[in-house]
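Notes follow the structure.
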Amino acid sequence: MTEYHQKFLESMISSITDDGLSEFYFTKDSIYVDSDHLLTKHEKFMELDHLTAIAISDIKYLLNAHGKGALLTGNRLSSYYSQHEPQLYFGKIDHKYPFVLLYKPSNQNTCYGIYAYQKYGLGINLEGEYNLNTFTMKEWDFYTESTGKISFEKTGKGLTGTWTDSKSNNSLNFEAIRK
580 MTEYHQKFLE SMISSITDDG LSEFYFTKDS IYVDSDHLLT KHEKFMELDH LTAIAISDIK
640 YLLNAHGKGA LLTGNRLSSY YSQHEPQLYF GKIDHKYPFV LLYKPSNQNT CYGIYAYQKY
700 GLGINLEGEY NLNTFTMKEW DFYTESTGKI SFEKTGKGLT GTWTDSKSNN SLNFEAIRK
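Quick note: to get the numbering used here, add 579 to the position in the sequence shown (first position is 1).
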């Protein structure tokens with residue numbers, strides 16, 4: 580292999596590693612990965628085959644319960660839950676105000692999310708920090724003013740804590756569960 584070809588191959592492997600193979604689709608018996616977006620303009624004219632098919636039967640031993648349910652057995656995927664965030668939570672503030680919440684821990688103990696009261700359906704942005712299973716996030720309005728704060732503990736499938744109004748400093752009960 581020439582030095583040029585080796586550098587080209589290393590570049591492609593690096594692109595695939597960084598890409599995460601997000602361009603894919605399924606058929607009844609195969610997974611197709613489309614790598615066209617990994618190629619430069621000049622590489623696209625080299626007549627490289629950028630569509631790779633992988634037979635599901637060839638990778639079945641690599642699949643976890645979720646993969647087997649989705650690709651082999653046809654089990655209902657709703658019976659499988661991810662143990663990691665983001666997750667969709669349904670809850671109530673002060674046992675009266677139903678909401679939907681989605682949040683995700685990020686790097687260096689920061690987190691972000693969005694929630695919406697079911698009555699209004701408008702998303703309220705959240706941003707904050709966490710330590711282990713304790714989360715504290717400020718809510719932000721459209722004018723970049725903090726309007727409240729949510730603090731909660733994650734326990735199994737649930738979240739338990741308080742919502743605090745920024746102006747009055749009044750706190751209300753906050754509970755949610757992953758469904």
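The beta carbon of each residue, even a glycine, is placed where N, CA and C say it ideally should be.
Alpha carbon to alpha carbon, how far is residue j from residue i? Give it in angstroms, no decimals.
i	j	result
Lys728	Ile635	47 Å
His674	Tyr668	15 Å
Glu622	Lys586	14 Å
Excluding the five sequence neighbours on either side, which residues of its own chain have a C-beta within less than 6 Å of the C-beta of residue i, listed in chain order?
i	result
Leu751	Ile672, Asp673 and Trp742
Gly692	Leu681, Tyr682 and Leu705
Ser745	Ser725, Thr726 and Gly727
Looking at the secondary structure, which residues open and close the beta strand (DSSP E) in which residue i lies?
i	result
Lys647	Careful: Lys647 lies outside any beta strand (DSSP E), inside the alpha helix (DSSP H) at Ala644 to Lys647.
Tyr694	Thr689 to Tyr696
Glu754	Ser750 to Arg757
Lys683	Tyr676 to Pro684
Thr741	Gly737 to Asp744
Met716	Thr713 to Trp719
Thr734	Ser725 to Thr734
May I ask which residues mark the beginning and end of the alpha helix (DSSP H) holding residue i?
i	result
Ser636	Ile635 to Ile638
For residue i, collect the residues of the same chain with a Cβ closer than 8 Å to its Cβ; drop the 5 residues on either side in sequence, then sort them by chain order.
i	result
Asn749	Thr743
Leu651	Ile635, Lys639 and Leu642
What residues in its chain sit with their C-beta under 7 Å from that of residue i, if we drop five residues either side in the sequence?
i	result
Ile703	Ile693, Tyr694, Ala695 and Glu718
Gln697	Pro677, Phe678 and Val679
Ala632	Ser609 and Tyr611
Report, in whole angstroms, the separation of the C-beta atoms of residue i and residue j, which I expect to be a contact under 8 Å.
i	j	result
Glu708	Asn688	5 Å
Gly670	Ile756	7 Å
Thr715	Ser725	That pair is no contact at about 12 Å.
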